[in-house]
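J.: Mind looking over this structure? Questions follow.
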Amino acid sequence: MLNKEEILLFLGELISVGVQHTVLPERLFFYYGVLIKVDENALTLRTNDGFKIVPIEQVLDIHTDNWRK
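Terminal number for the sequence shown in numbering that gives the first Met the number 0: 68, no gaps in between.
Spelled out as structure tokens, the structure:
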């Protein structure tokens, strides 16, 4: 799990957020979008389909995703 300060470094960036996959537990499931908000408990991504709120405790990986621009 990452902490809020580590996630704040990506604010305003196009990112990939990896969480535990529900069907294949040995793999990560990724959400893609622009990080627009980080609070104490969750982060908010602006995606192509709207918004996705991901609890910080579920975030296992985060990285920039500039090739999708």
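No residue lacks a Cβ here, since even glycine has one placed at the ideal position from N, Cα and C. In this text the structure is predicted, and so the values were computed from the model without any measurement.
Buried or exposed for V22, please, with buried defined as at least 16 other CB atoms from any protein chain shown within 10 angstroms of its CB.
T.: Taking the sequence shown and counting its residues from 1, one reaches residue 22 at position 23. Looking at its Cβ environment, which holds fewer than 16 other Cβ atoms inside 10 Å, V22 is exposed.
J.: In the DSSP assignment, find the unbroken alpha helix (DSSP H) run with L6 in it and report its ends.
T.: Numbered from 1 along the sequence shown, position 7 holds the residue referred to as residue 6. Note that residue 6 is Ile in the sequence shown here, rather than Leu. Start and end: 3 to 7.
J.: Can you find the residues in the same chain that come closer than 8 Å, C-beta to C-beta, to F9, ignoring five residues on each side of it along the sequence?
T.: As a first step, residue 9 is located in the sequence shown; it is residue number 10 there, counting from the start. Excluding positions up to five away in sequence, the list reads L34, I61, T63.
J.: Short check: CB of V53 to CB of M0, under 9 Å?
T.: For the purposes of this step, residue 53 is taken as residue 54 along the sequence shown, with counting starting at 1. For the purposes of this step, residue 0 is taken as residue 1 along the sequence shown, with counting starting at 1. Cβ atoms of V53 and M0: not closer than 9 Å.
J.: Which term fits G49, buried or exposed, when burial requires 16 or more other beta carbons within 10 angstroms of its beta carbon?
T.: The residue given as residue 49 occupies position 50 in the sequence shown. Label assigned to G49: exposed.
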